[in-house]
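See structure below.
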Amino acid sequence: MNIPIGGDSQFFMDLYARYRRDRFSVPADWLVYFEGMEGGRPEAVVADLGPELLDRYRRFGHLEAQLDPLAANTCSHPALATLREKISARAADLCRLRFGGEERSLPLGEAERLVRNAYAGSATLEAEHLVDDAQRAWLNAHFEAAVTAPAARPIVAGALQAVLEADEFESFMRVKFPTKKRFGAEGSESSIAFLMQALRSAAGAGIDNVVIGGMHRGRLATLAVALRKNPAVLAGELKGRDFSSNPAFTGDVPYHLGYSTELAFGEKGLKVDLMPHPSHLMVVAPVALGYGRAVARNASALPLLMHTDAAFAGQGVTMELMQLGGLKGYGNGGTIHLVVNNRIGFTTLPSEGRTSRYCTDVAKAVEAPVLHVNGDDPVTVGKVAALAVAWRNAFGRDVVIDLVCYRRYGHNELDEPRFTQPLMWNAIDTHPPLRQAITARAADEFPAELAEAEQAAALFRETLREGFETADSVMPNDPLIQDQAWAGFAIRHEEQLLAPVMTGLDVERLRQVGIAISTLPDDMKANVKVERFHAQRAETIRTGEGINFATAEALAFATLVAEGRSVRLSGQDAVRGTFTQRHLAVHDAATGRTCKPIEQAAVRPGQIEIVNSPLSEYGVLGFEYGHSLVDPQALVVWEAQFGDFLNGAQIVVDQYIVSAEAKWQLRSGLVIALPHGLEGQGPDHSSARIERIAQLYASGNLVIAQPTTPASLFHLLRRQVLAPWRKPLFLIAPKAMLRMRAATSALTEIGEGTGFRPVLADPPTASERVRRVILCSGKVAYALEEAREVACLQDAVALVRIEQIAPFPEAAVRAALAGLGGAEMVWCQEEPGNQGAWPFLSQHLKAIADVRLIARPATSVSAGGSIERHEREQAQLMARAMDL
8 MNIPIGGDSQ FFMDLYARYR RDRFSVPADW LVYFEGMEGG RPEAVVADLG PELLDRYRRF
68 GHLEAQLDPL AANTCSHPAL ATLREKISAR AADLCRLRFG GEERSLPLGE AERLVRNAYA
128 GSATLEAEHL VDDAQRAWLN AHFEAAVTAP AARPIVAGAL QAVLEADEFE SFMRVKFPTK
188 KRFGAEGSES SIAFLMQALR SAAGAGIDNV VIGGMHRGRL ATLAVALRKN PAVLAGELKG
248 RDFSSNPAFT GDVPYHLGYS TELAFGEKGL KVDLMPHPSH LMVVAPVALG YGRAVARNAS
308 ALPLLMHTDA AFAGQGVTME LMQLGGLKGY GNGGTIHLVV NNRIGFTTLP SEGRTSRYCT
368 DVAKAVEAPV LHVNGDDPVT VGKVAALAVA WRNAFGRDVV IDLVCYRRYG HNELDEPRFT
428 QPLMWNAIDT HPPLRQAITA RAADEFPAEL AEAEQAAALF RETLREGFET ADSVMPNDPL
488 IQDQAWAGFA IRHEEQLLAP VMTGLDVERL RQVGIAISTL PDDMKANVKV ERFHAQRAET
548 IRTGEGINFA TAEALAFATL VAEGRSVRLS GQDAVRGTFT QRHLAVHDAA TGRTCKPIEQ
608 AAVRPGQIEI VNSPLSEYGV LGFEYGHSLV DPQALVVWEA QFGDFLNGAQ IVVDQYIVSA
668 EAKWQLRSGL VIALPHGLEG QGPDHSSARI ERIAQLYASG NLVIAQPTTP ASLFHLLRRQ
728 VLAPWRKPLF LIAPKAMLRM RAATSALTEI GEGTGFRPVL ADPPTASERV RRVILCSGKV
788 AYALEEAREV ACLQDAVALV RIEQIAPFPE AAVRAALAGL GGAEMVWCQE EPGNQGAWPF
848 LSQHLKAIAD VRLIARPATS VSAGGSIERH EREQAQLMAR AMDL
């Protein structure tokens, strides 16, 4: 064998080894070279252009594919045109190619038609960006086999039934609700065919649960046709009935509601959860991913996300969720992304909404294959759905489907698209509806399946009619997706949230758990400072004194997992802690080996997850919220690096965390930890914007707490899963207090019979000596204690710390102020007067006493950037507080 002179001989040898294993796994030009080099080219094959033919269509075929239902693609790519010219003169010559996973020998002309039909027909594949050769080869082979082989009868029957029933549903809706917005599926009926086939394939593959993150387009048809929701309930919702007997349940428009059901495919049952979603596009996607991951702890789960073309290309959270899918702490074993591509976003054309050729091009950044398919070919859509499920199950990776279709009636039924896109709607007006087109084709190709579909559609039409007639008498229906595990956690209100919950544990049990999670393996040689950290933690636990915030948090986590519950903490740098306070993972300084001592408290593997998140707030908080919806006995904590960064996920806060219980009866015990405190670090590392969070509070929809002792933090975290209610907790978390000597607790403060105290007051003193009562919350309490001591005003000034801001603990505050009515009452905070807890608490405090404010002046920023100015303002604040 002659090796080419020059260049990288190792590359040549590796390529030759591949050729010897599989001749058709190397590029076409190298195949010709190796065969010529060996003199092994069969004489019967005159023109071996097969590999080149495959290679070019796999690379460029998608550019000539017939994907547009409204117009033929007349594009001719130069690479393919040149190849066809070369083939045309030798069409009868025999060629060899490995197509559909099989080696074939056939005339060049026939081979070109076969390959063109696969890659330039009504479906095509983009997989050349996949780096893994084996995965790319698998996908090419299975795609080629799927789209060129006759469709299996279940796929044909399912596609026809889906299209006909979707058409029946939308026709019925147009007649009965002509003035209602419903974001119908007309023009994209094949999305229902895709969904139904994906569910069928998932069940056949042994999947237990499919979690769908949906969208507006075709939502009602998805519910009625694919998920078989009771038509009477759907009709009642569209009529605007108050469809819940619970007055705290405000409800939502029908195309936002979630739904959970059990479908049967033969003997296999499949649970399907369609997540509720708001009008904010894409926010449901990370929520569904988090929900799916939590479900997968106990069952096999498949996330299926549905997007519109404009949202998938335009929303930045798309990139966040695509990244999450490949990360160990967030992966779901692969997600199917269905992009319903109407080629328009309300009135915005693709040329105005993106710069990429395809709306799905963002998926290439994470090497997700993209399958494009013409929505007017529902049978091929069904094939693509089956292939997508097979790919996901084979490799545990995401796959994206670009379903090219159109909107027959504009953005919604009250919209007039001809104002802005007259040419597009001229084409739509003359284009036959999908049912009409598909039945004409199926009458010749699939007469038996068509007859069955027509019969099913007629029965479905009658079901719709009966449902509409009985809609006014249907019993109230609450669109819950959470299962019976949540049945004991009904919606609770303020007075119930204020009832004491005992969360403490036996001190010896705490000591036993605490020492275990502070002990490093004997063969672990960690950084000397980390070793000292754990040794000091163990010492405070042995003595029972000086427990700091990080230790209290670790004890809360460890005792929960020791009791059999699950704990998940995620956030940027959460494992070590932004402020180097946690060290929940320890790394061997010599080998890099990692251990997590806290896992020693777990009673089963995987019970505790401590995860560093990507540099994302929006996607990650949505994910963690979704995760928190599955198991009411699990503690899920998301920590912002600084509380200021919560606004990067404000959509998740507004649309899910604070309102989902009222809109959709979704309960969550998610903890949102927000490091907060004015410490001279500037306007972006100081404030969790307590005032904004408090403004979102109403009727016990959430809890806002600002613990000033490690004991308070311990009890708050355990209360989230031990209380008879589940509410999101906005934890205004410490920064400077993490290392304050004064900010420590004793083990007895979290011992048996103890619980969270929403108000911490000074020990009783002679009330006649108290001239001023300072109410406060957070770190400022320690500054006030110090200032009081310096001013020798311990008897004249009483401090009352409010540990829980909302729900407001009125009874506890009144008890703390009892007997002090003759003293002046002030509220002191470090934050500016228009910020912090004061705007919310002022109304509650003034209902108890005449309280005035001591704070920094109102300002448009949360804090200044000058440390000198910060210290000067802090000194002035303390002077005002102690100025009697």
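First residue of the sequence shown? That's 8 in the working numbering, and the numbers climb one at a time after it.
Cβ coordinates follow ideal geometry from the N, Cα and C atoms, glycine included.
Would residue i pass as a contact of residue j if the rule is Cβ separation under 8 Å?
| i | j | result |
| --- | --- | --- |
| GLY760 | GLY551 | no |
| ASN844 | ILE812 | The sequence as given places Ala at residue 844; Asn does not occur at that position. In contact: ALA844 and ILE812 (Cβ atoms closer than 8 Å). |
| ASN339 | ASP280 | no |
| LEU227 | TYR262 | yes |
| ALA209 | SER32 | no |
| ALA523 | GLN588 | no |
| TYR337 | ARG361 | no |
| VAL154 | ALA134 | no |
| ALA99 | ALA395 | no |
| GLU461 | LEU171 | yes |
| VAL218 | ALA308 | yes |
| GLU527 | GLN579 | First, the residue type needs correcting, since residue 527 is Leu and not Glu in the sequence shown. Against a cut-off of 8 Å, the Cβ pair of GLN579 and LEU527 comes out as no contact. |
| VAL388 | GLY382 | yes |
| ALA173 | VAL232 | yes |
| ALA152 | GLY107 | yes |
| PRO639 | TRP493 | yes |
| PRO765 | ALA701 | no |
| HIS69 | LEU146 | no |
So for residue i, helix, strand or coil by DSSP?
| i | result |
| --- | --- |
| LEU328 | helix |
| LEU681 | strand |
| VAL122 | helix |
| HIS851 | helix |
| ASP857 | coil |
| VAL52 | Note that VAL52 scores 41 on pLDDT, short of 50, meaning its location in the model is unreliable and no value can be drawn from it. |
| TRP645 | strand |
| GLU838 | strand |
| ILE435 | helix |
| VAL537 | helix |
| THR601 | strand |
| ASP21 | helix |
| VAL807 | strand |
| LEU562 | helix |
| GLU817 | helix |
| ILE12 | Note that ILE12 scores 41 on pLDDT, short of 50, meaning its location in the model is unreliable and no value can be drawn from it. |
To which residues of the same chain is residue i closer than 6 Å at the C-beta, ignoring the five residues directly before and after it?
| i | result |
| --- | --- |
| LEU782 | VAL807 and TRP834 |
| ARG725 | THR510 and ALA563 |
| VAL777 | ALA805, LEU827 and ALA830 |
| GLY3 | Nothing about residue 3 can be reported from this structure: the residues present for the chain run from 8 to 891 only. |
| ALA392 | PHE201, GLN204 and ALA205 |
Might you give, ordered along the chain, the residues of its own chain that have their beta carbon closer than 7 Å to the beta carbon of residue i, omitting 5 neighbours on each side?
| i | result |
| --- | --- |
| ALA596 | LYS532, ALA533 and ASN534 |
| LYS183 | PHE475 |
| PRO34 | ASP62 |
| VAL537 | HIS590 and VAL593 |
If I'm right that residue i touches residue j with Cβ under 8 Å, what's the distance once you round it to whole angstroms?
| i | j | result |
| --- | --- | --- |
| PRO714 | ILE554 | Actually they do not touch by this definition, with Cβ atoms about 13 Å apart. |
| LEU576 | VAL481 | Incorrect: roughly 43 Å between the Cβ atoms, too far for contact. |
| ALA680 | ALA641 | Not really, about 16 Å apart at Cβ, beyond 8 Å. |
| LEU505 | PRO735 | Not confirmed; about 17 Å, so no contact. |
| ALA740 | PRO682 | 5 Å |
| PHE847 | LYS742 | About 22 Å; that fails the 8 Å criterion. |
| ILE435 | ARG404 | So it is not a contact: roughly 36 Å between Cβ atoms. |
| VAL514 | THR755 | 6 Å |
Here's a check: name, in chain order, each residue in its chain whose Cβ is nearer than 8 Å to the Cβ of residue i, leaving out the five neighbours to either side.
| i | result |
| --- | --- |
| HIS877 | LEU685, GLU686, GLY687, ALA870 and GLY871 |
| ALA51 | For ALA51, the predicted structure reports a pLDDT of 40, less than 50, and the residue's modelled location is therefore unreliable. A value from the coordinates is still provided. Hits under 8 Å: LEU101. |
| TYR789 | THR715, MET744, MET747, ALA749 and ALA750 |
The segment 376–392 / the segment 406–419 touching (three or more Cβ pairs under 8 Å): Contact between the segment 376–392 and the segment 406–419 is present, with at least three C-beta pairs closer than 8 Å.
The segment 729–737 in contact with the segment 764–776 per 3-pair CB rule at 8 Å: Output reads no: the segment 764–776 does not touch the segment 729–737.
The segment 783–798 / the segment 737–755 touching (three or more Cβ pairs under 8 Å): In short, these stretches touch, since the Cβ pair count reaches three.
Inter-stretch contact at 8 Å, needing at least 3 Cβ pairs: the segment 688–695 / the segment 648–667: Output reads yes: the segment 648–667 touches the segment 688–695.
Cβ contact check for the segment 613–627 and the segment 269–280: 3 or more pairs under 8 Å: Under the 8 Å Cβ criterion, the segment 613–627 does not count as touching the segment 269–280, having fewer than three qualifying pairs.
Cβ contact (3+ pairs, closer than 8 Å) linking the segment 619–639 and the segment 319–336: Three or more beta-carbon pairs separated by less than 8 Å link the segment 619–639 to the segment 319–336, which places the two stretches in contact.
The segment 346–353 contacting the segment 395–405, beta-carbon criterion three pairs below 8 Å: The segment 346–353 makes no contact with the segment 395–405, as fewer than three CB pairs between them are under 8 Å.
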